[in-house]
Amino acid sequence: DARVTQTPRHKVTEMGQEVTMRCQPILGHNTVFWYRQTMMQGLELLAYFRNRAPLDDSGMPKDRFSAEMPDATLATLKIQPSEPRDSAVYFCASGLPRTGHYNEQFFGPGTRLTVL
Amino acid sequence: QQQVKQSPQSLIVQKGGISIINCAYENTAFDYFPWYQQFPGKGPALLIAIRPDVSEKKEGRFTISFNKSAKQFSLHIMDSQPGDSATYFCAAGYTGTASKLTFGTGTRLQVTL
Numbered sequence: 001d002a003r004v005t006q007t008p009r010h011k012v013t014e015m016g017q018e019v020t021m022r023c024q025p026i027l028g029h030n031t032v033f034w035y036r037q038t039m040m041q042g043l044e045l046l047a048y049f050r051n052r053a054p055l056d057d058s059g060m061p062k063d064r065f066s067a068e069m070p071d072a073t074l075a076t077l078k079i080q081p082s083e084p085r086d087s088a089v090y091f092c093a094s095g096l097p098r099t100g101h102y103n104e105q106f107f108g109p110g111t112r113l114t115v116l
Numbered sequence: 117q118q119q120v121k122q123s124p125q126s127l128i129v130q131k132g133g134i135s136i137i138n139c140a141y142e143n144t145a146f147d148y149f150p151w152y153q154q155f156p157g158k159g160p161a162l163l164i165a166i167r168p169d170v171s172e173k174k175e176g177r178f179t180i181s182f183n184k185s186a187k188q189f190s191l192h193i194m195d196s197q198p199g200d201s202a203t204y205f206c207a208a209g210y211t212g213t214a215s216k217l218t219f220g221t222g223t224r225l226q227v228t229l
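Quick mapping for you: the protein sequence lines, in order, are chains A and B.
When we follow this note's numbering, the leftmost residue of the first sequence carries the number 1, and every step to the right adds one.
When we follow this note's numbering, the leftmost residue of the second sequence carries the number 117, and every step to the right adds one.
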């Protein structure tokens with residue numbers, strides 16, 4: 001059945017290291033979202049893409065975070081250098097928004113990142 | 117103006133009871149109000165959604181009540197079951213191609229036996 005996949009599921013790294021998270025959206029979906037979930041802040045939208053073009057990345061710390069869609073089947077979120085405060089669960093979601101329809105976002109299982 | 121405020125932060129309900137979670141929004145341009153359910157270790161999943169042209173939507177034991185004038189909406193879970201124990205997020209956004217959602221901070225629901 002169609003689902004969003006994310007890799008890795010868990011990542012432990014040391015402060016200063018580069019972290020790359022990957023997402024494969026549901027085939028045919030043209031919109032991809034990156035969220036960060038923490039106990040304190042809940043679900044925060046970091047960035048989102050439509051047809052591989054970035055539409056909004058205002059939620060993302062620009063100095064260390066970057067998001068890209070090299071092709072329609074892959075979205076990446078990079079943190080360089082990583083810091084302990086980046087520890088969180090990062091979710092990717094995809095959707096196919098259409099006029100007059102509920103725009104459901106389908107979430108992946110998340111990447112749990114721990115920065116020591 | 118983009119905030120969605122959700123309460124309570126956590127909720128404990130006995131099996132068979134009614135769980136009620138409330139949300140308030142500020143931006144009157146929002147026209148889509150979904151609720152997402154998240155189990156531990158999983159991503160959120162759409163539970164039920166409503167548009168502001170109706171005041172209530174029911175799907176099984178789950179009901180959204182919507183008060184447009186007060187800019188508030190709530191989720192009611194009737195006959196709550198232990199399997200409903202999860203974190204619930206309200207959200208607000210738009211139908212059409214502007215698909216960005218603003219999420220509430222979440223409510224952790226525990227249904228006890």
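A virtual CB, placed ideally from N, CA and C, is assigned to each residue, including glycine.
Since this is a predicted model, take the numbers as computed values, not measurements.
Closest option to Ser-135 of chain B, judged by alpha-carbon separation, among B:Leu-127, B:Tyr-141, B:Glu-142: B:Leu-127. In the structure shown, Asp-195 of chain B adopts coil according to DSSP, grouped into three states.
At the C-beta level, Tyr-204 of chain B and Asp-147 of chain B stay beyond 8 Å of one another. The criterion of a C-beta distance shorter than 8 Å is satisfied by Ala-67 of chain A and Leu-77 of chain A.
The residue from B:Gln-226, B:Ser-171, B:Ala-207, B:Ser-201 with its alpha-carbon nearest to that of Asn-183 of chain B is B:Ser-171.
Its chain contains no residue whose beta carbon lies nearer than 6 Å to that of Tyr-102 of chain A once the 5 sequence neighbours on both sides are disregarded. Here the alpha carbons of Ser-201 of chain B and Arg-177 of chain B stand approximately 14 Å from one another.
For Gln-226 of chain B, the enclosing beta strand (DSSP E) starts and ends at 223-228. Inter-residue distance for Thr-13 of chain A and Met-39 of chain A is about 20 Å (C-alpha atoms, whole angstroms). Burial state of Gln-119 of chain B is exposed, judged by a 10 Å Cβ sphere holding fewer than 16 other Cβ atoms.
Between Pro-156 of chain B and the set B:Ala-165, B:Thr-179, B:Lys-187, B:Gly-199, the nearest pair of CA atoms involves B:Gly-199.
Sequence-ordered contacts of the stretch 44-59 of chain A with chain B read Glu-44, Leu-45, Tyr-48, Arg-50, Leu-55, Asp-56 [C-beta pairs closer than 9 Å].
Per DSSP, the unbroken beta strand (DSSP E) holding Asn-138 of chain B starts and ends at 135-141. Look at Arg-9 of chain A here: in three-state DSSP terms it is coil, with no helix or strand label. Under the 10 Å beta carbon count, Asp-195 of chain B is surrounded by fewer than 16 other beta carbons and is classified as exposed. Contact annotation, Phe-49 of chain A with Thr-73 of chain A: C-beta distance approximately 13 Å; criterion of less than 8 Å not satisfied.
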